[in-house]
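Okay, so here's the structure we're looking at.
There are 2 protein chains.
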Amino acid sequence: MHFAVLVFASVATMTTFGLDNGLMRTPPMGWLAWERYRCDIDCKNDPKNCISENLFIDMADRLFEDGWKELGYVYVNIDDCWSSMERDKDGRLQPDPNRFPGGIQHLARYMHDRGLKLGIYGDMGTHTCGGYPGTTLDKIEIDAQTFADWEVDMFKFDGCYSNAVEQELGYPLMSKALNATGRPIGYSCSWPAYQGGLPPKVNYTQLGQICNLWRNYGDIQDSWNSVLSIVDWFFENQDVLATAAGPGRWNDPDMLVIGDFGLSMEQSRSQMALWAIMAAPLFMSNDLRTISSGAQSILQNKMIISINQDPLGIQGRRILKEKVGIEVFWRPLSNNASALVFFSRRTDMPYRYKTSLSKLNYTTGSYKFTDVYTGKTDVLKDSTEFVVSVNPTGVVMWYVSAPGKLKYHPFIRGGKLHGPAYDAEENTFPRVFL
Amino acid sequence: MHFAVLVFASVATMTTFGLDNGLMRTPPMGWLAWERYRCDIDCKNDPKNCISENLFIDMADRLFEDGWKELGYVYVNIDDCWSSMERDKDGRLQPDPNRFPGGIQHLARYMHDRGLKLGIYGDMGTHTCGGYPGTTLDKIEIDAQTFADWEVDMFKFDGCYSNAVEQELGYPLMSKALNATGRPIGYSCSWPAYQGGLPPKVNYTQLGQICNLWRNYGDIQDSWNSVLSIVDWFFENQDVLATAAGPGRWNDPDMLVIGDFGLSMEQSRSQMALWAIMAAPLFMSNDLRTISSGAQSILQNKMIISINQDPLGIQGRRILKEKVGIEVFWRPLSNNASALVFFSRRTDMPYRYKTSLSKLNYTTGSYKFTDVYTGKTDVLKDSTEFVVSVNPTGVVMWYVSAPGKLKYHPFIRGGKLHGPAYDAEENTFPRVFL
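Order-wise, the sequence lines are chains U and A. Residue numbers for the first sequence, in the UniProt record's numbering: 1 to 434. Residue numbers for the second sequence, in the UniProt record's numbering: 1 to 434.
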């Protein structure tokens, strides 16, 4: 019986379902409560930080007033622990009445009045990860309709307390149910993270058809170790992951923890740079009311945001791992441009890394580059040797453009002298040899 | 033959040698080149950062002009890679002529003219760790005399390229040789770090007689992982280590990396707080020319420095490890005072830790406390429950004094209700049960 259902569902998802909501043609940007605020429901003793409508209104006010919205940070996303422990008499989810006395629709309208959007959270399973009511298969349609009725703009579907069969059915069903409401609702799927993140268990072709973004890997924590483990996993598996991403469908390495407690300024610049290379969703999870000016200026760096938001939507890759602990990352951008990141894993002192654009497989020519953090600009021939000084756990990031029009997009060759060229028309990638 | 030498030396060190230089009655403070500048000798391409007299003059100028000296940061210490690859014709060490054209004595006088002190580095062995000439047993006297002739004020004796027998002979001999010069030279011994840091291999009684400070453990790196591994080791072995420390003889958990690239502001506050609890030498290794105001204000915090420099010179301890990731550290201070540090190992969000001074084994009474980072002051009864909000990887640190004179020093009892009291007269510690 279970087997029959599974086969039926699998066939159905490959053929009938599809996420045709036109949303998130560039990676979504905004703010998400989880990493920084978790399941803090102690509004009596911790009123400024507990999961309540006040927290989301506070963050919306900051996004609106402090220059975030204009840069693209428009989503204000609720995560776990927002709901009442019981559904209402009609079987609908309802917010905790003490912490969200105005209701979710009130919050959505507060966002919309300010040009912002509201995201909400649910769980494919009997309970959310925090123990609140989950969305079992029979509740998918009613919950999708509830979110649409509330005028919600984005929905994250977690996967605690369900098995693989239920997930295989539920994630596509929710996609269909959201579409069926007629309201455009961005759909974030935690499904692949519950499947281990890799084929053959994960079907990235299907995910791109049903979800706008998906969490591939474990939750980020407020530590450099956590950021590094995520970076390692995503770039070790870049051949599988990069081809899955594109306009409307994004790999999600999880939130930005810039502005929290665990990252140095160097490490914060590194997370921002590498998330831009990955074409990752940019959801901050921090306290925008008290964020330092240093962290704010990293998160508000216009050139990095424009790299992240490049309309081609091509996920970048690691192209070099040097034994000395320097790594180079590259992402092709529109207008014949590209982004380069020089990253140091060292923990001693700034490393003077010597290379040339031709060593990084740029074609013959002259290139203008801008250091996105210092604003320094210069022109380099592909053959010119240069030195970048990369701080421990830090990056140097360049936006590289070709002042003369190149016949072909700057490309990465597999290996040193030969291999398939990057083909901008077909949006396919060569295998990059590390 | 070797055995006979060893036995003779061991007996000799226990009876005749002794460090009677009257120096470093409180933990030494200053600046040390190693962690931040390593063995960078590339003055052609990296002139501002290479190991040269210019670097030490730059740092001396900063210590003198930016308020460091008045706070106690007076040592400017050269580490490895300062010397020529050859001794001079008389067998003396000599500085690299290109990088130290003025010579070491010139540098020492530059320091002394500004109320600062100069430290230098050598290695008990055939070579320094960086491959420069070492100090073999037959060179100990001439090297000690050379440093004294140069008017050097402190000497760090590393231990690469020597065996246990040579170290057993060399470290005490150098102590005797430095004393014999008649110049007061603070003596930093890396010996115990080469012996694994613990008895029975390490004899801390002997070390206290021959060295002013000693490195017990591995080198610090510019990362929170490194700071944590040092903190773990020192507090796991606190019963052995704390009794070894006192005025003129200090355990050295290695340099402060505050102001470098790897620590967040929270983590920087934590290193400073825990180094103060440990009565650790405070040697910064950073770039004082470009240090951020945030890092500078942590390093220049007067109350933490006064805790570090407390004249009793008692090394503090960890008194509690909570399963939730909160740890409490305590150090008894002069004037019936004490320091408390609440430290969080969490990587999620601020933790609201509830406790009382009586739960931390303070005796009945009323205590005034000052939060050393915020300046907030209040009075607490021992029985009053309070909450401290401790940030991830951060600390809350209090200076606690008793407004009413207490008959006995506030003490820690072993276990909850009984055990030996702290005896201020005898400077002995109870065993603290964790």
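Yeah, the Cβ is synthetic: ideal placement off N, Cα and C, and Gly gets one too.
| Query | Result |
| --- | --- |
| Compute the distance between the beta-carbons of Leu116 (chain U) and Val165 (chain U), then report whether it is under 7 Å. | no |
| Residues in the segment 204-227 of chain U with C-beta within 9 Å of chain A's C-beta atoms, listed in sequence order? | Gln221, Asp222, Ser223, Trp224, Asn225, Ser226 |
| Measure from the alpha carbon of Asn77 (chain A) to the alpha carbon of each residue in A:Gly131, A:Gly246, A:Asn49, A:Leu32, then state which is nearest. | A:Leu32 |
| If the criterion is Cβ atoms closer than 7 Å, does the pair Ser264 (chain A) and Gly262 (chain U) meet it? | yes |
| Give me the Cβ distance between Thr299 (chain U) and Met278 (chain U), rounded to the nearest whole Å; I'm assuming they're in contact under 8 Å. | The amino acid at residue 299 (chain U) is misidentified as Thr; the sequence shows Leu. Contact doesn't hold; Cβ gap of about 16 Å is too wide. |
| Keeping to the same chain, check which residues put their C-beta closer than 6 Å to that of Gly259 (chain A); ignore five residues upstream and five downstream. | Asn286, Ile291, Ala295 |
| Output needed for Asp254 (chain A): all residues of its chain with C-beta closer than 7 Å, excluding positions within five of it in sequence on either side, in chain order. | Arg215, Asp219, Ile220, Ile230 |
| Rounded to whole angstroms, what is the Cα-Cα separation between Gly415 (chain A) and Leu312 (chain A)? | Low confidence applies here, because Gly415 (chain A) scores a pLDDT of 30, under 50, leaving its location unreliable and the question unanswered by this model. |
| If we ignore side chains and look at the alpha-carbon of each, how far apart do Ser187 (chain A) and Pro392 (chain U) end up? | Rather than Ser, the amino acid found at residue 187 (chain A) in this sequence is Tyr. Rounded to the nearest angstrom, the two C-alpha atoms are 31 Å apart. |
| Do we get a CB-CB distance below 7 Å when we pair Phe343 (chain U) with the residues of chain A? | no |
| Only counting the same chain, and skipping five residues up and downstream in sequence, which positions put a Cβ closer than 8 Å to that of Gly325 (chain U)? | Ser344, Arg345, Arg346, Tyr351 |
| Go ahead and pull the three-state DSSP assignment for Glu236 (chain U). | helix |
| Thinking C-alpha only, which one of U:Asn54, U:Met29, U:Arg87, U:Gly67 is nearest Tyr110 (chain U)? | U:Asn54 |
| Measure from the alpha carbon of Asn143 (chain A) to the alpha carbon of each residue in A:Asn225, A:Ala242, A:Gly125, A:Cys160, then state which is nearest. | Reading off the sequence shown, one finds Asp at residue 143 (chain A), where the question assumed Asn. Ranking A:Asn225, A:Ala242, A:Gly125, A:Cys160 by Cα distance to Asp143 (chain A) puts A:Gly125 first. |
| For a quick check, are the C-beta atoms of Asp158 (chain A) and Ser190 (chain A) less than 7 Å apart? | yes |
| Verify the CB distance criterion: does Asn77 (chain U) have a CB-CB separation below 7 Å to chain A? | no |
| Going along the chain, which residues of its own chain have a beta-carbon closer than 7 Å to the beta-carbon of Ser270 (chain A), five neighbours each way excluded? | Phe343, Thr393, Gly394, Val395 |
| Strictly below 9 Å CB to CB, what residues from chain U border Leu63 (chain A)? | Residues of chain U passing the Cβ test: none, with the nearest at roughly 20 Å. |
| Kindly give me the distance between the Cβ atoms of residue 450 (chain U) and Val387 (chain U), rounded to whole angstroms, as I take these residues to be in contact under 8 Å. | With chain U running from 1 to 434 in the structure shown, residue 450 (chain U) is simply not present. |
| What separation, rounded to the nearest whole angstrom, lies between the Cα atoms of Thr363 (chain A) and Arg317 (chain A)? | 18 Å |
| So with CB distances below 7 Å, who are the chain U contacts of Pro47 (chain A)? | In chain order: nothing, as chain U lies at least about 12 Å away. |
| Output the boundary residues of the beta strand (DSSP E) element that contains Tyr171 (chain U). | Taken as a continuous stretch (DSSP letters only), Tyr171 (chain U) belongs to no beta strand (DSSP E), being part of the alpha helix (DSSP H) at 164-180. |
| Does the CB of Glu70 (chain A) have a neighbour CB from chain U at under 7 Å? | no |
| Taking the straight line between their C-alpha atoms, what separation do you get for Leu320 (chain U) and Arg249 (chain U)? | 26 Å |
| Starting from Gly122 (chain U), trace the alpha helix (DSSP H) in both directions and tell me its first and last residue. | Note, Gly122 (chain U): premise wrong, no alpha helix (DSSP H); beta strand (DSSP E) at 117-123. |
| Establish whether the CB of Arg38 (chain U) and some CB of chain A are separated by less than 7 Å. | yes |
| Can you tell me the Cα-Cα spacing of His112 (chain A) and Arg99 (chain A), whole angstroms? | 21 Å |
| What does DSSP give as the partner residues of Met397 (chain U) in its beta bridges? | U:Val341 |
| Which residues in the same chain as Arg92 (chain A) place their Cβ atom closer than 7 Å to its Cβ, once the five residues preceding and following it in sequence are excluded? | Ile142, Thr146 |
| If Pro133 (chain A) sits next to Ser83 (chain A), beta carbons under 8 Å apart, how far is it from one beta carbon to the other, in whole angstroms? | 6 Å |
| Need the endpoints of the alpha helix (DSSP H) that Asp79 (chain A) sits in, please. | No alpha helix (DSSP H) holds Asp79 (chain A); DSSP gives it neither H nor E. |
| Is any beta-carbon of chain A found at less than 7 Å from that of Leu340 (chain U)? | no |
| State the DSSP-derived secondary structure class of Arg352 (chain U), mapped to helix, strand or coil. | strand |
| Is it true that the CB of Val152 (chain A) sits closer than 7 Å to the CB of Ala108 (chain A)? | yes |
| Residues of chain A with CB closer than 7 Å to the CB of Leu263 (chain U), please, in chain order. | Ser264 |
| Buried or exposed for Glu266 (chain U), please, with buried defined as at least 16 other CB atoms from any protein chain shown within 10 angstroms of its CB. | buried |
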